[in-house]
Structures are given as structure tokens and as C-alpha cells.
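Encoded structure:
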């Protein structure tokens, strides 16, 4: 008996030691985050962190109007580009504010989405939207045959590009209702039952891999400047991260004092951008870079985009319907819906990546439902304003969080301030258009690599010795890279006889992250495998954690101010976007599970039950009516 008791005692001590070690590992991981989601950095740090997020978002968003402009027949009109830029930035600020406050409530910046660029360009490539010949007023005077010729600056020219933008505008507005329903009805939340690490990982990682062309095209305009930018970011973020700088600080109780702060670790992107921008300015003044357009290194000059700054208005207020009444066609709407579906799948992966990199628990289904619903609302508003694009979670900003180690929600509120103000101040906003392309390319080299790494990190939950899992991972990544490349190189190969169907197939098969996520989704949910092997067991254990720390951090996903009021309303238990709709607990710990139920939920008849019959992992219960 004594030997048995001693054995049990040793076993208990061993379990306690393992739990303590796991707790220490978790604490060490979280300690690498300077500011977590609920932390409130000092206002000066928020000011600088927010500026860095704005710069990252802005440099990524700039490419959208410049890509769309040729299809709108305004490729050389920088005034139209500046107006589109200010509209996108202003609308993104509005939606970011709603998303961070009421949506998924993670530090996710909303910005333009490349998922809608392919269908938009496909729509504008239809015969009725092909561009006529656009000439300047000086050239038009000497022409005798003016058929199919439009003079820049005339009412016909304005109607030409605005009619094309209204077609995209109407398609986005109608198609956005699909994403709104997908989120607020809980359909995207139900999909989370089948979205494990083997689905999330390729969806996020493939985005960084698929963007290597964008990064290389920008960086190749002056490789030395791009490499210098990337090297500086790595040096600041990794080699010099432990170097502390004295910073003047102030507290009411303490007064003025000197605090030591890891400046290089906190602001590597901003510091690298400013330094290389200044170097480009010096090399421009000294004429080291060539003055002739088209020569290698010309795009690194700081004076190549000054026309945007000179032509931009000081103050311009974007408003709904600024280009006129939107038009709608079935083929356009279906094409945009396909893009929005890919965007929604990408955003689910972004939410998980952002939560992980910000030191927060994985988002519950009700938070994801609200997040996708708000993104659909954002696309509706963006379409109404006529930005020529929708909104989605900015993956590059999630990469910026990984570099700066700051995941504070308050910082994003400062970013919203920049977006709203600079969306109104055309002159100041246009200043950032002058950032040389190689500098942006160098930033993308690091951030896109960070995005890829964040997606790969989700594979830590799965058994990488399993041939089943290796099959899912390999096929997801490889098909997600090869098929879209072939489709883009052979667009005429898709020919069903119906242009609308062709557009849908083209969008789906040319979107890397959608295709990779789809392959991972099908294989992971059809190939035989245990929950432990697939990583589902460890993945869901984070959602079902009942430790006090997990309870505290999970509060970040509650709707502020009204969560307690919503818990009293029985109707909220039926609404998939309310926190009271579903709470995950562990039925193996019945006591703690019952303690997690609120008094209002018990009074309204909520009770735990196992849902192994619903293809959920064993040992997990859901509180429902």
C-alpha cells in the first residue's frame, strides 16, 4: 500500500512539474510581446506605433489604385489616382474603427484587398468596357478623325472613367451582401469546425509566397536600396533588439523621468523606411540615380512622383455616390462574389494569425462571425464611396505586429486617426506616394516572409511525422502555387461558352490562398486521421482552456459595454454573432465547466452537453439551448 501511495505521489508531482514547465514556456512566449491586445502603451508610443501601421497599410494600398487605373482608362492621370487613394484610406479608417471596436476586436487593420482586383480587371476587360484612345487637348487639336478618341479633361473623359468605376462600385455593393450574410448568419463560424491547423496554415502561408512577384518587381527597380531596407529591418528587429535607449517619460505620480526602451525592436520598419528614404533623397540630389525614365535605378529617385503631391487637393471629403449612381450586372456581381469568398477564407486565417502573434487566444466562432460580417459591411461602404475596391484584413499589418512585438488594440485606434485625417488631407496623404518603389519592395521582402512564417507556425500543433499530414501540407502548398500560375499564363484555356462562368472559374483558380486552403480543407476533412494527429486536439484545447488567465484574455472578444446586457436577452442565444450564442467548455472538468456558465445563462435553461455526434473533438462540450 505504501509503495502504491508513493507511486501515486510521485506521479502527481510529475504532473505538477510538467504543468509548471508548460506554464513557464507559455509565459516565456508571451513575454516576447511588448504590448498585448488589452495593454495600453503610453500615448507617445501609440502615436509612433500607429504611424508605422499606417505606413505599412498605406504602402500596400497604394498599389491597388495604380493597378486599377489602366483598366479605368486613366493610366496617366495622377489626379484620379490621388482621389482613389484618399477614398480607400478614408473608408478603410471607418471600417477599421468598427472592426476593432465591435467586430473581431483584434488589432486587425482593414485595407484594400487584392482578392477583388482579378475579378475587377476581368470585368473591365469585357468588350463594352475596353478603353478608347485618350489624348491630350494639344494632340486633339491636330486630329481630323476623332472617332473612338477621348480628350483628357473633357466631360466625355470624366464620364468614360466614372462609368467604369460605377460598374465595379455596384458589383461590390451587391456582392457584399453575400459576405455580410456569411458572417452574421454564422455560416463562417460553422466552417471553423472543419478549419484546423492543416487548413489555416496553407491559407496564410501561401499568401506570403504568392506575393513574391510583387516584392521582387518593386525591389528589382533598385536592388541595392531594397536589400539595404530589408537588412536594416533585420538588424533593428533581431540583432539590436536588446539595445535600450533613454526616452523621456511622464507619469502623474512619478513626474518626469527617464525610461529605457527597446527602440530598435519596436520600430524597425519605420526606422529602416526613414533611413533609406533619406539615402534615396541624397542620391537623387547628387544625381547618382539616372534621370532618364526606364533606366535601372530611376524609380529609386524621390522626385519621380512629385506630380501626385502637386496636383492633390489640400482637403477633399469622400462621400457615397461621388462618381454617380452605381450600375449592376449579373456577370460582374458573380465575379466579385468569387473574390469575396476567397477574401473571407483569407481573413479567417488572418484572425488566427493575428491572435497568435498578438499573444491572444484563438478567436471563438462568434468573434469570427462578427469579423467577417463587418468586413462585408466594409465592402458595402467601400462600394458606396466608390473606392474601386473592398476592404479586408491587412495581412501585411499582421506581419508588422510580428516584427514590432506590439499587438495593442489602442495602437490601431491611433492608426484609424491617421487614416481618417490623411484621407481628408490630400496634400499630406500624397506625400507618402513619393516613397520610392525599391524601399517598399525591401519592406515587402521582410513582411511577406514574416506572413509565410506565421502561417507555418500553426503546424506546431500537428504530427509532422505523419505521412497523412505531409500529404495534406505538400499538396496544399504545391497546388496553391502551380495552378494559379498556369491559369494566369493561359487565361483563354477557360472557355465554357458563358463569360460569367469563365470569370468565376478564373477567379477561383487564380487565387493562390483560396485554392491552397480549399485543397487543405478537403484533404484534412476526408483523409483518415485522429484528432491528435491532425492537431485538432491541441488546437481546440486552447479554445476550451478554463484557466483564469485564459478567461481573462478571452474577454477581448466580448462586445464592449453591452455584453452583460446581451447575456440577459434570450434572443441573443440564437444570434451567431453574440458572445452568448455559444461558449466552449470542457466536459471532462464538469465543476469548472458549470462555473464558467453565467447566472443568466443558467436561468435561461442553458446547459452543457457533449457534441461528439456533431463531429467535434472528443471531450469538448458546447453550451446551447
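Numbering (the numbering used here), first residue to last: 1 to 625.
Positions of the beta carbon are idealized from the N, C-alpha and C atoms, including for glycine.
Please read these numbers as outputs of a predicted model, since none were measured by experiment.
Quickly, what does DSSP pair residue i with across the bridge? List them, please.
i: residue 425; result: 315
i: residue 111; result: 392
i: residue 149; result: 133
i: residue 261; result: 245
Can you list, in chain order, the residues of its chain with a C-beta nearer than 8 Å to that of residue i? Leave out the 5 residues immediately preceding and following it.
i: residue 309; result: 427, 430, 431, 433 and 434
i: residue 325; result: 166
i: residue 258; result: 246, 247, 248 and 249
i: residue 358; result: 33, 36, 37, 106, 107, 401 and 407
i: residue 484; result: 210, 509, 510, 511, 512 and 515
i: residue 66; result: 81
i: residue 330; result: 500
i: residue 54; result: 415, 418, 419 and 422
i: residue 409; result: 37, 38, 100, 105, 106, 107 and 556
Answer with buried or exposed for residue i, where buried requires no fewer than 16 other C-beta atoms within 10 angstroms of its C-beta.
i: residue 317; result: exposed
i: residue 368; result: buried
i: residue 639; result: This structure cannot speak to residue 639, because the chain is shown only from 1 to 625.
i: residue 239; result: exposed
i: residue 478; result: exposed
i: residue 375; result: buried
i: residue 97; result: buried
i: residue 226; result: buried
i: residue 130; result: exposed
i: residue 498; result: exposed
i: residue 110; result: buried
i: residue 448; result: buried
i: residue 154; result: exposed
i: residue 488; result: exposed
i: residue 441; result: buried
i: residue 594; result: Below a pLDDT of 50, predicted positions are generally treated as unreliable, and residue 594, at 35, falls in that range; the measurement from the model is reported next regardless. Residue 594 should be labelled exposed.
i: residue 486; result: exposed
i: residue 323; result: buried
i: residue 242; result: exposed
i: residue 128; result: exposed
i: residue 366; result: buried
i: residue 672; result: The structure shown does not extend to residue 672, since the chain is modelled only from 1 through 625, so no value can be given for it.
Give me the Cβ distance between residue i and residue j, rounded to the nearest whole Å; I'm assuming they're in contact under 8 Å.
i: residue 403; j: residue 237; result: 5 Å
i: residue 123; j: residue 332; result: 5 Å
i: residue 530; j: residue 346; result: About 28 Å separates the two Cβ atoms, so there is no contact after all.
i: residue 244; j: residue 260; result: 4 Å
i: residue 438; j: residue 218; result: 7 Å
i: residue 319; j: residue 100; result: That pair is no contact at about 23 Å.
i: residue 418; j: residue 51; result: 6 Å
i: residue 126; j: residue 462; result: No, residue 126 and residue 462 are not in contact; Cβ-Cβ is about 44 Å, not under 8 Å.
i: residue 327; j: residue 112; result: Actually they are not in contact, since the Cβ atoms of residue 327 and residue 112 sit about 21 Å apart, beyond 8 Å.
i: residue 436; j: residue 302; result: 6 Å
i: residue 466; j: residue 537; result: Not really, about 13 Å apart at Cβ, beyond 8 Å.
i: residue 168; j: residue 120; result: 5 Å
i: residue 398; j: residue 443; result: With a Cβ gap of about 14 Å, residue 398 and residue 443 do not count as contacting.
i: residue 371; j: residue 183; result: 7 Å
Keeping to the same chain, check which residues put their C-beta closer than 6 Å to that of residue i; ignore five residues upstream and five downstream.
i: residue 150; result: 132, 134, 156, 157 and 160
i: residue 74; result: 80 and 161
i: residue 572; result: 566, 578 and 580
i: residue 58; result: 432
i: residue 458; result: 197, 200 and 201
i: residue 283; result: 289
i: residue 337; result: 175 and 178
i: residue 300; result: 222, 225, 280, 289, 436 and 438
Would you say residue i lies against chain D (beta-carbon separation less than 8 Å)?
i: residue 362; result: Among the chains of the structure shown, chain D does not appear; only one protein chain is present.
Take residue i and list the residues in its own chain whose beta-carbon comes closer than 7 Å to its own, dropping the five residues that flank it on each side.
i: residue 305; result: 433 and 434
i: residue 382; result: 91, 172, 389, 390 and 391
i: residue 556; result: 37, 38, 105 and 360
i: residue 482; result: none
i: residue 82; result: 308, 311, 312, 426 and 430
i: residue 643; result: Residue numbering for the chain in the displayed model covers 1 to 625; residue 643 lies beyond these limits and cannot be assessed.
ask   = Which ranges would you report for the alpha helix (DSSP H) in the segment 353-426 if only whole runs of at least 4 residues count?
value = 365-385, 395-404 and 409-424
request  = Could you pull out every unbroken alpha helix (DSSP H) segment of at least 4 residues lying fully inside the segment 28-84, listed in chain order?
outcome  = 43-61 and 63-68
ask   = Of all the alpha helix (DSSP H) runs that stay within the bounds of the segment 552-582, which reach a length of 4 or more residues?
value = 563-567
key: Whole runs of the alpha helix (DSSP H) within the segment 458-528, excluding any shorter than 4 residues   = 467-489, 499-510 and 512-526
message = List, from N- to C-terminal side, the alpha helix (DSSP H) runs of 4 residues or more that fit wholly inside the segment 188-250.
response = If only uninterrupted alpha helix (DSSP H) runs of at least 4 residues are considered, those enclosed by the segment 188-250 are 197-210, 212-219 and 223-234.
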